[in-house]
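Asks: Taken in sequence, the protein lines are chains A and B. 34 is the number of the first residue of the first sequence in our numbering; add one for each residue after it. 34 is the number of the first residue of the second sequence in our numbering; add one for each residue after it. Just so you know, even glycine gets a beta-carbon here, dropped at the ideal spot from N, CA and C. Questions regarding the structure given below will be posed in turn.
2 protein chains.
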Amino acid sequence: MPTIYEVAAHAGVSPATVSRVFNGQNVSAEKSKRVREAAEVLGFTPNRVARTLRLQNSEVIALVIPDIENPFFTSLARGVEDVAQAAGYSVVLCNTDEDQAKEARYLDIALSANMAGVILAAAGDHSDLDALIRRGRPIVAVDRGPHGYDIDAVMVDSRAGGRAATQELARQGYRRIACITGPHDVETATLRAEGWRAALLGLGLDHADEHLIYADFRIDGGHKAMRQLVELPEPPDAVFVANNLMGVGALQLLAERGMLPPVVGMAVFGDLPIFSPTPMAVTLVSLPARHLGVTAADLLLKRINGDDQPPRTIVLRNQIVPSA
Amino acid sequence: MPTIYEVAAHAGVSPATVSRVFNGQNVSAEKSKRVREAAEVLGFTPNRVARTLRLQNSEVIALVIPDIENPFFTSLARGVEDVAQAAGYSVVLCNTDEDQAKEARYLDIALSANMAGVILAAAGDHSDLDALIRRGRPIVAVDRGPHGYDIDAVMVDSRAGGRAATQELARQGYRRIACITGPHDVETATLRAEGWRAALLGLGLDHADEHLIYADFRIDGGHKAMRQLVELPEPPDAVFVANNLMGVGALQLLAERGMLPPVVGMAVFGDLPIFSPTPMAVTLVSLPARHLGVTAADLLLKRINGDDQPPRTIVLRNQIVPSA
DNA sequence: CTTGACGGTGAAATCGATTTCTGCCATCGT
DNA sequence: ACGATGGCAGAAATCGATTTCACCGTCAAG
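Laid out in structure tokens, this is it:
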């Protein structure tokens, strides 16, 4: 753990000169060479902590996501990472587990660790970004909206996707279409459910109150919700599921009951992390997860580099893939 | 971004006293109260960077994994995270993409950012841990061995798993059993292949050289390798696949060719991230991914807290799940 | 009554890098 | 030949927290 002072002493120059060598300032060729040699000999690596303290800024960006076990978010993370790496930034991944308290802790860390910026898929509807914003740290919301803050965002059109998926189920002939969505306080959950409701309305179809279930965006939640639905006195003949993991859960239950699609119709928002030997009769709203990450990272890096335009919201296309 | 100095001024005490209030030293009740109030009013959060610089130590641990899109590693990450969180530590997840250069960069960051410790699933067989070790930073190897360093490790028995899986295939009546494993320079890949070879030897079965394929531990690699195998003049009648993602790829290819298990026998090391309506005829070596993470984190935290015993290697059970 | 210990406090040093500020020297233009 | 300009380099300030050191007062032990 040699410091800049030891390198300086070894090279017979001042610490300032060592710093200049590594930061591309004007240094005579000869001293520069001596410094580089000394650094080589001692195995010098500049201390990032000291550097960050002085510069009030680091080359690290935080990616805050609600569920690291969801392939959607890991794909997204890959997108962020690839862009960040290429620009010389490191990514630290923070998993909030859909818990606003954990999220707040990580945001706090990002701030007090002087990270360069944050890409946030919010765990709920009242993230507190004031401190970060006051500090001038750029933030990009991804997948889920910024909820009351006027900041950059990269999303897919949840409402339109929900509507299209539901319409597709209707086109396939299903009439009693239920909906399993995520937590009340998660924007994408409510929007997708809204899209579903809007589609039903537009088609002149009705829905019973108990055909809309708020679950937790996890496999188990989808499983339980689907059980509730099939055990209703008047069960639905199809279901729109608002994310990939709950889709898996719902399919598991249907498999147990021998009611796999197309016996019960199903449309899922997101891509199923599923391998099935025969193509499944499930309609998908396919999401550009990786691209979402790439776009968010691009936006963030632009901001970090001083881009000063008014905040943008970028909406990426999602693509309906009807079941065979 | 109020500092400790501003809090001190606001409370009419010295910065030293403010620090002592927040670090549980002796401070009179009255000043303590004034400081807390001032901190509250100003919205003071101690600057982690400054703190870390001074303490030469932070409450962050690095988790370095080769593939964030592999559910095995995300489960492992969850295990690490849960333990770390509970102990007041934060986890930063670093994805090396099986690339030793990226890995080196992240290890360097962990060191120069004064992180408390590292949990490493190595990307290859020559990770350079010298600098971290010199600095006294604890490191725990997980899933893959430490390769030449005498440090703590948490693993499953790859060789035994490979042997058991292969034996199970033989028990099911397959005779020409091939093997798809990972990169040459990844320990788990070579050990699993060794287990496979040992099983064949023990059974008096032989294998052609072209029945052992080194792929890349990814879906696509498994797909290509399986294609190579089925297109051989004398294709195998079963295959042992050394990780979960390649298992998916191999299954995809077999599905395309209408040769799904049990037409071709298959055993996979790891749990398949797969949902299949009817139970698949695939033998699994089930891995305690999350538990691996929990154990590694426990070990690391013990070291961080000064545990000074000689390094341990913990081998967790893996469980053979024969196909139906 | 003296000595010592101890609780409470502030001034100042410290962690390791960057960056002003300053001064030196050489080169250039007139 | 002389002031101006600019490259080069070191001393010292700075980022914001923690901690040593020194000092004061109080209280208990001798």
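Can you list, in chain order, the residues of its chain whose CB lies under 8 Å from that of Lys64 (chain B), leaving out five sequence neighbours each side?
Replies: What you label residue 64 (chain B) is simply residue 31 of the second sequence in a count that begins at 1. Here the set comprises Ala44, Val46, Thr50 and Val54.
Asks: Going straight from the alpha carbon of Asp158 (chain B) to that of Pro306 (chain B), what length do you get?
Replies: Taking the first residue of the second sequence as 1, we reach residue 158 (chain B) at position 125. Taking the first residue of the second sequence as 1, we reach residue 306 (chain B) at position 273. Looking at the two C-alpha atoms, the distance is approximately 27 Å.
Asks: For Arg168 (chain B), decide whether its Cβ has a neighbour in chain A, counting only Cβ atoms nearer than 9 Å.
Replies: The residue labelled residue 168 (chain B) in the question sits at position 135 within the second sequence. For Arg168 (chain B), the answer is yes, since a Cβ of chain A falls inside 9 Å of its Cβ.
Asks: Rounded to whole angstroms, what's the CA-CA distance from Ile142 (chain A) to Leu202 (chain B)? Just pull it up for me.
Replies: Here residue 142 (chain A) refers to the residue found at position 109 when the first sequence is read from its first residue. Here residue 202 (chain B) refers to the residue found at position 169 when the second sequence is read from its first residue. Their Cα atoms are separated by approximately 50 Å.
Asks: Let me check understanding here. Comparing Cα to Cα, which of A:Leu287, A:Val354 and A:Leu334 lies closest to Leu320 (chain A)?
Replies: To locate residue 320 (chain A), count along the first sequence from 1; it is residue 287. Comparing Cα-Cα distances from Leu320 (chain A) to each of A:Leu287, A:Val354 and A:Leu334, the minimum goes to A:Val354.
Asks: Shorter than 9 Å from the beta carbon of Thr214 (chain A) to some beta carbon of chain B?
Replies: The residue labelled residue 214 (chain A) in the question sits at position 181 within the first sequence. By this cut-off, Thr214 (chain A) is not an interface position.
Asks: Arg87 (chain B) to Asn80 (chain A), Cα distance in whole Å?
Replies: If you number the second sequence from 1, residue 87 (chain B) lands on position 54. If you number the first sequence from 1, residue 80 (chain A) lands on position 47. Between Arg87 (chain B) and Asn80 (chain A), the C-alpha separation is close to 12 Å.
Asks: Pull up the distance between the alpha-carbon of Gly112 (chain A) and that of Val125 (chain A), whole angstroms please.
Replies: Position 79 of the first sequence, counted from the first residue, corresponds to residue 112 (chain A). Position 92 of the first sequence, counted from the first residue, corresponds to residue 125 (chain A). When rounded, the distance between both Cα atoms is 13 Å.
Asks: What does the Cβ neighbour count give for Arg251 (chain A), buried or exposed, with the cut at 16 atoms within 10 Å?
Replies: For the purposes of this step, residue 251 (chain A) is identified with residue 218 of the first sequence, where counting begins at 1. It counts as buried.
Asks: Using a Cβ-Cβ cut-off of 6 Å (strictly less than) and excluding sequence neighbours within five positions of Thr85 (chain B), which residues of its own chain qualify?
Replies: In the second sequence, residue 85 (chain B) corresponds to position 52, counting from 1. Excluding residues within five positions, the ones whose Cβ falls inside 6 Å are Ser91 and Asn147.
Asks: Leaving out the 5 sequence neighbours to the left and right, which residues in its chain are closer than 7 Å to Thr78 (chain A) when beta-carbon positions are compared?
Replies: The residue you call residue 78 (chain A) lines up with position 45 of the first sequence. Nothing listed; no residue qualifies.
Asks: Check whether the segment 183 to 197 of chain A and the segment 231 to 248 of chain A are in contact - that is, three or more C-beta pairs closer than 8 Å.
Replies: Yes, the segment 183 to 197 of chain A is in contact with the segment 231 to 248 of chain A.
Asks: Mind checking if Glu63 (chain A) is an interface residue toward chain B, Cβ cutoff 9 Å exclusive?
Replies: The sequence position of residue 63 (chain A) within the first sequence is 30, counting from 1. So, not an interface residue.
Asks: Leaving aside the five residues before and after Tyr207 (chain B) along the sequence, list all residues of the same chain whose C-beta is less than 7 Å from its C-beta, in chain order.
Replies: Translated into the one-based positions of the second sequence, residue 207 (chain B) becomes position 174. Here the set comprises Asp270, Ala271 and Gly298.
Asks: Could you pull the start and end residues of the alpha helix (DSSP H) that Gln285 (chain B) belongs to?
Replies: The residue given as residue 285 (chain B) occupies position 252 in the second sequence. It spans Asn277 to Glu289 - the alpha helix (DSSP H) in which Gln285 (chain B) sits, taken as one unbroken run.
Asks: Taking all protein chains shown into account, do 16 or more other C-beta atoms lie within 10 angstroms of the C-beta of Lys66 (chain B), making it buried, or fewer, making it exposed?
Replies: Your numbering for residue 66 (chain B) matches position 33 in the second sequence. It counts as exposed.
Asks: Please report the residue range of the alpha helix (DSSP H) in which Met259 (chain A) lies.
Replies: Start at 1 with the first residue of the first sequence, and residue 259 (chain A) comes out as number 226. Run containing Met259 (chain A): Ile252 to Val263, per the alpha helix (DSSP H) assignment.
Asks: Please tell me whether Leu333 (chain A) and Val151 (chain A) are closer than 9 Å, where the distance is taken between their beta carbons.
Replies: Here residue 333 (chain A) is taken as the residue at index 300 of the first sequence, counted from 1. Here residue 151 (chain A) is taken as the residue at index 118 of the first sequence, counted from 1. In this structure, Val151 (chain A) lies closer than 9 Å to Leu333 (chain A) by Cβ.
Asks: In terms of residue numbering, what span does the beta strand (DSSP E) encompassing Ser123 (chain B) cover?
Replies: Translated into positions along the second sequence, residue 123 (chain B) becomes position 90. From DSSP, the beta strand (DSSP E) with Ser123 (chain B) extends over Ser123 to Asn128.
Asks: Please identify, using Cβ separations under 9 Å, the residues of the segment 122 to 136 of chain A that lie next to chain B, in order along the chain.
Replies: Taking 9 Å as the Cβ-Cβ cut-off against chain B, the residues of the segment 122 to 136 of chain A that qualify are Ser123, Val124, Val125, Leu126, Cys127, Asn128, Asp130 and Lys135.
Asks: Taking 9 Å as the CB-CB cut-off, is Arg230 (chain A) touching chain B?
Replies: Position 197 of the first sequence, counting from 1, holds the residue named residue 230 (chain A). Arg230 (chain A) does not count as touching chain B.
Asks: Checking 9 Å against the spacing of the C-beta atoms, do Val315 (chain B) and Ser356 (chain B) come in under that value?
Replies: Position 282 of the second sequence, counted from the start, is the residue given in the question as residue 315 (chain B). Position 323 of the second sequence, counted from the start, is the residue given in the question as residue 356 (chain B). Contact: yes.
Asks: Determine the direct distance from the alpha carbon of Pro99 (chain B) to that of Ala134 (chain B), and round the result to whole angstroms.
Replies: Along the second sequence, read from residue 1 onward, the residue named residue 134 (chain B) stands at position 101. Along the second sequence, read from residue 1 onward, the residue named residue 99 (chain B) stands at position 66. So the alpha carbons of these two residues sit roughly 12 Å apart.
Asks: Please list the residues of the segment 292 to 326 of chain B that have a C-beta atom closer than 7 Å to any C-beta atom in chain A, keeping them in chain order.
Replies: Cβ contacts with chain A come from Leu293, Pro306, Ile307, Phe308, Ser309 and Pro310.
Asks: Taking Cβ-Cβ distances shorter than 8 Å, what residues in chain B pair up with Thr78 (chain A)?
Replies: On the first sequence, position 45 is the one that residue 78 (chain A) refers to. Under the 8 Å cutoff, chain B gives Asp141, Leu144, Ser145 and Ala164.
Asks: Any idea if Tyr38 (chain B) is buried or exposed, counting beta-carbon neighbours within 10 angstroms, 16 or more meaning buried?
Replies: As a first step, residue 38 (chain B) must be located in the second sequence, where it is residue number 5. Exposed, since its Cβ has fewer than 16 Cβ neighbours within 10 Å.
Asks: What does Val274 (chain B) touch in chain A if you count any residue whose Cβ is under 8 Å from its own?
Replies: The residue given as residue 274 (chain B) occupies position 241 in the second sequence. Those do not exist, as Val274 (chain B) stays about 13 Å from chain A at its closest Cβ, beyond 8 Å.
Asks: Under the rule that 16 or more other beta-carbon atoms within 10 Å means buried, what is Asp176 (chain A), buried or exposed?
Replies: On the first sequence, residue 176 (chain A) is found 143 positions in, with the first residue counted as 1. Buried, since its Cβ has 16 or more Cβ neighbours within 10 Å.
Asks: By the DSSP assignment, the beta strand (DSSP E) with Ile152 (chain A) in it spans what residues?
Replies: As a first step, residue 152 (chain A) is located in the first sequence; it is residue number 119 there, counting from the start. Unbroken beta strand (DSSP E) run through Ile152 (chain A): Gly150 to Leu153.
Asks: Please name the residue, chosen from B:Thr107, B:Ser160, B:Val40 and B:Arg290, that lies closest to Leu325 (chain B) on a Cα-to-Cα basis.
Replies: For the purposes of this step, residue 325 (chain B) is identified with residue 292 of the second sequence, where counting begins at 1. Nearest of B:Thr107, B:Ser160, B:Val40 and B:Arg290 to Leu325 (chain B), Cα basis: B:Thr107.
Asks: State the CB to CB distance for the pair Ala174 (chain A) and Leu144 (chain A), rounded to an integer number of angstroms; the pair is presumed to be in contact (CB under 8 Å).
Replies: Residue 174 (chain A) sits at position 141 when you count from the first residue of the first sequence. Residue 144 (chain A) sits at position 111 when you count from the first residue of the first sequence. With a Cβ gap of about 17 Å, Ala174 (chain A) and Leu144 (chain A) do not count as contacting.
Asks: Among A:Glu114, A:Leu224, A:Pro268 and A:Ser61, which one has its Cα closest to the Cα of Val97 (chain A)?
Replies: By 1-based counting over the first sequence, the position of residue 97 (chain A) is 64. The residue with the shortest Cα to Cα distance from Val97 (chain A) is A:Glu114.
Asks: Is the separation between the beta-carbon of Val116 (chain B) and that of Asp331 (chain B) shorter than 9 Å?
Replies: The residue labelled residue 116 (chain B) in the question sits at position 83 within the second sequence. The residue labelled residue 331 (chain B) in the question sits at position 298 within the second sequence. A contact, by the Cβ cut-off of 9 Å.
Asks: Kindly list, in the order they appear in chain A, the residues whose Cβ is closer than 9 Å to that of Val281 (chain B).
Replies: As a working note, residue 281 (chain B) is residue 248 in the second sequence. Chain A residues near Val281 (chain B): Phe308.
Asks: So which residues of chain A does Ile101 (chain B) contact, with C-beta pairs closer than 9 Å?
Replies: Here residue 101 (chain B) refers to the residue found at position 68 when the second sequence is read from its first residue. Result: Ile101, Thr107, Ala110, Arg111, Glu114 and Leu126.
Asks: When you compare the CB positions of Met279 (chain B) and Leu293 (chain B), do they come within less than 9 Å of one another, or not?
Replies: Indexing the second sequence from 1 puts residue 279 (chain B) at position 246. Indexing the second sequence from 1 puts residue 293 (chain B) at position 260. No.
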